[in-house]
Amino acid sequence: DAKTTQPNSMESNEEEPVHLPCNHSTISGTDYIHWYRQLPSQGPEYVIHGLTSNVNNRMASLAIAEDRKSSTLILHRATLRDAAVYYCILVYGNKLVFGAGTILRVKS
Amino acid sequence: DVKVTQSSRYLVKRTGEKVFLECVQDMDHENMFWYRQDPGLGLRLIYFSYDVKMKEKGDIPEGYSVSREKKERFSLILESASTNQTSMYLCASSSLGGVANEKLFFGSGTQLSVL
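So the protein lines, in turn, are chains Z and U. Plus 164 on top of the position in the first sequence (first one is 1) and you've got the working numbering. Plus 289 on top of the position in the second sequence (first one is 1) and you've got the working numbering.
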């Protein structure tokens, strides 16, 4: 399975943008890039996904490098409710393989 | 709002007991999944199902079985619970088309302790 590498933790100030990086140098042409987040005591929550082009939705933006070997999840204005573990996942077929994720701390 | 509901938030069982974990989704999804989540190991896929009465093994199916008699319900069965099955169990569902270009909806999880 293709692997992803994320920083263990990041910190952000409230109301500021957050850029969460993810490296996936072994990505194959058919792997989708997914992001999920997990708040304490809850199941993972879908954030965004894409294949080649940048994607925007009401929660976040996903910027995918031209060679697809890295991507960045962008939260445009972090709030305290965005504090969570963020997982960058490569998906092929029915398989999601979660790594350790990035713990995002948001300071008020 | 879409919902995946797991029957219990916390469960304590004894070694050797047969354990049933239930999951119900209200989105008419074809695909349903069972994961377990352990510190340092992330989420690992136990079993998944594409349709009623269909099932496929995931990465760690040993010691588990599943049942899908109705589209909305997917049960995980621990035939004879052991202490190494103490874990957080997460159910998820997605619509037809596979997971790659669809999103998974997760339940809140069941924290199972086997004593």
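The C-beta atom is built at its ideal place from N, Cα and C for all residues, glycine as well.
Legend entry - CB of L237(Z) within 7 Å of CB of D246(Z), strictly: no
Inset, instruction - For V355(U), count neighbouring Cβ atoms within 10 angstroms of its own Cβ and tell me buried if that reaches 16, exposed if not. - result: buried
Legend entry - Chain-ordered chain U contacts of Q170(Z) [CB-CB under 9 Å]: Those do not exist, as Q170(Z) stays about 11 Å from chain U at its closest Cβ, beyond 9 Å.
Legend entry - beta strand (DSSP E) segment containing E175(Z), residue limits: S173 to N177
Inset, instruction - Could you name the residues that DSSP lists as bridge partners for V403(U)? - result: K302(U)
Inset, instruction - Confirm, please, whether the CB-CB distance from V261(Z) to Y196(Z) is below 7 Å. - result: no
Inset, instruction - Give every residue of the same chain whose Cβ lies closer than 7 Å to the Cβ of Y250(Z), excluding the five residues on either side of it in the sequence, and list them in chain order. - result: L184, W199, R201, L237, G265, T266 and L268
Legend entry - F363(U) beta carbon less than 7 Å from that of S338(U): yes
Legend entry - Runs of beta strand (DSSP E) lying entirely within the segment 298-376 of chain U, each at least 3 residues, in chain order: 299-302, 308-314, 320-327, 331-338, 353-359 and 362-367
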